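Working notes, beginning with the structure itself.
Chains as they are written, first to last, in this note's numbering: chain Y, 4 to 136; chain X, 4 to 136; chain A, 4 to 136; chain P, 4 to 136.
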């Protein structure tokens with residue numbers, strides 16, 4: 004049996020966001036925004052080059068919650084997302100979740116969730132509420 | 004030149020969530036939670052069969068915002084997500100966004116975002132804040 | 004050294020067109036036509052269910068030309084395509100190419116190209132002109 | 004209700020052809036021609052580096068027809084393709100369709116279809132015949 008999680012516990016996953024990831028994320032969601040698919044349009048944009056879908060970052064948060072901590076069986080209730088900076092293709096990002104509180108009456112936890120890039124810049128942050136496994 | 008968006012304006016996209024979508028979403032995000040990848044585990048879970056990643060739904064919201072309305076050039080600032088029901092493989096879901104308010108001082112809009120399934124059940128709802136193109 | 008090809012020579016490849024093939028073809032080309040992605044819309048269409056992209060069939064012709072006969076090094080000059088019937092998801096189709104003529108002055112061949120389904124119905128036919136390897 | 008299309012009407016989509024697109028197109032069609040998959044073979048070929056599948060370009064034409072103009076519901080009848088120049092990995096190509104004629108007795112249109120690269124070179128051109136939605 005798994006140990007129960009406790010406040011302050013953290014987990015993280017690091018991953019390089021490849022061009023293939025962006026192509027496949029676009030195909031699954033149907034999001035073919037030129038910022039992700041058109042090099043020329045992206046060069047003329049405020050970002051100067053193609054960026055990953057912001058929601059790909061949200062998928063990374065979901066992965067840490069479901070794979071690492073609280074782990075398999077976790078059920079998502081809520082997530083808030085604040086997009087701080089773009090993730091560029093070939094950035095290597097670290098997605099971290101940390102337990103902030105656990106309800107006493109129900110197995111429901113609130114976690115702080117952050118994504119930082121290889122330059123330690125915060126690209127995405129927010130809060131998860133999950134039903135513990 | 005595109006018309007400016009106005010309060011009350013809506014857009015939506017309908018899509019069947021295939022098994023391939025779930026496989027690819029898992030591979031891009033690394034979220035290999037048994038609920039998505041293990042038929043036997045999913046059968047023994049509260050859902051009774053494999054479900055799509057909740058964040059795949061979030062990606063659909065992003066697609067409507069970036070492709071339809073406000074459309075290309077939209078920049079994500081915030082998103083809240085309340086997961087109401089699971090999306091099962093082969094569900095056909097409709098993702099809708101509607102402009103609730105636009106700031107007077109800046110081109111920033113707040114939208115209500117919902118996903119419903121083929122039985123008109125609400126599976127995901129929340130709020131987006133975006134910088135208009 | 005490979006034997007030169009001759010008039011009348013044939014080659015074919017058989018393949019099941021899976022749902023994953025259709026999802027990935029859509030993502031590479033950006034073709035998210037509801038006939039391919041929306042089960043409900045496809046059910047209401049003249050076809051009654053989701054169909055594969057016609058051009059996925061064209062890609063199969065290219066595969067036989069480049070992999071089997073004339074084989075690696077073949078350069079595409081022209082292709083004509085007549086779409087006769089839809090390819091449905093899970094159809095198993097046979098793609099056949101046959102050399103009809105070879106120019107005497109240049110290593111350029113004309114081939115008849117056909118795709119048939121598991122019921123021996125002709126779904127796609129046309130003509131290729133290629134520069135021989 | 005959508006406006007009927009008229010002669011002279013045009014639509015186009017621009018997209019960067021990524022390495023991932025070429026890998027996925029190869030996997031869906033089975034076309035693993037060394038010109039697309041083998042860097043060393045491609046370097047020794049007339050092209051000097053890996054090229055995209057010509058039929059990937061054909062898929063882009065299909066996307067513009069089905070997504071933009073004439074739009075959803077369009078049924079493919081015929082396509083001719085003349086391959087003028089290769090599309091290299093990382094080229095950004097513009098796919099354009101223009102209505103040349105519409106039959107008076109039936110809702111059937113003929114369109115000129117072209118693909119140009121970032122240097123305005125014509126890489127693929129041909130003609131489509133489609134049943135209008």
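All C-beta atoms in this analysis are idealised placements derived from N, C-alpha and C, irrespective of residue type, glycine included. Bear in mind that the values here come from a model prediction, so they are computed numbers and not experimental data.
Continuous beta strand (DSSP E) stretch holding residue i: start and end
i, result
"residue 17(X)", "13-19"
"residue 115(Y)", "111-119"
Segment limits, alpha helix (DSSP H) that includes residue i
i, result
"residue 28(A)", "22-32"
"residue 62(X)", "57-70"
"residue 37(X)", "37-40"
Cβ distance (whole Å) where residue i is taken to contact residue j below 8 Å
i, j, result
"residue 129(Y)", "residue 84(Y)", "4 Å"
"residue 59(P)", "residue 20(P)", "7 Å"
"residue 133(X)", "residue 80(X)", "6 Å"
"residue 75(A)", "residue 73(P)", "Not quite, the Cβ-Cβ distance comes to about 38 Å (not below 8 Å), so this is no contact."
"residue 125(A)", "residue 95(X)", "Not quite, the Cβ-Cβ distance comes to about 31 Å (not below 8 Å), so this is no contact."
"residue 23(X)", "residue 26(A)", "4 Å"
"residue 97(X)", "residue 77(X)", "Rounded, the Cβ-Cβ distance is 20 Å, inconsistent with contact."
"residue 57(Y)", "residue 127(Y)", "7 Å"
"residue 48(A)", "residue 82(A)", "About 27 Å separates the two Cβ atoms, so there is no contact after all."
"residue 10(A)", "residue 105(A)", "6 Å"
Counterpart residues of residue i in DSSP-defined beta bridges
i, result
"residue 96(Y)", "18(Y)"
"residue 133(P)", "79(P), 112(P)"
"residue 84(X)", "82(Y), 129(X)"
"residue 102(Y)", "114(Y)"
"residue 54(Y)", "91(Y)"
Segment contact, 8 Å Cβ cut-off, at least three pairs: the region 14-24 of chain X with the region 62-71 of chain X: yes
Does the region 113-123 of chain P come close enough to the region 84-101 of chain P that 3 or more CB-CB pairs lie under 8 Å? yes
Would you call the region 48-55 of chain X in contact with the region 48-58 of chain Y, where contact means no fewer than 3 C-beta pairs closer than 8 Å? In short, these stretches do not touch, since the Cβ pair count stays below three.
Say whether the region 28-37 of chain A touches the region 28-37 of chain Y, bearing in mind that this needs 3 or more beta-carbon pairs closer than 8 Å, one atom from each stretch. yes
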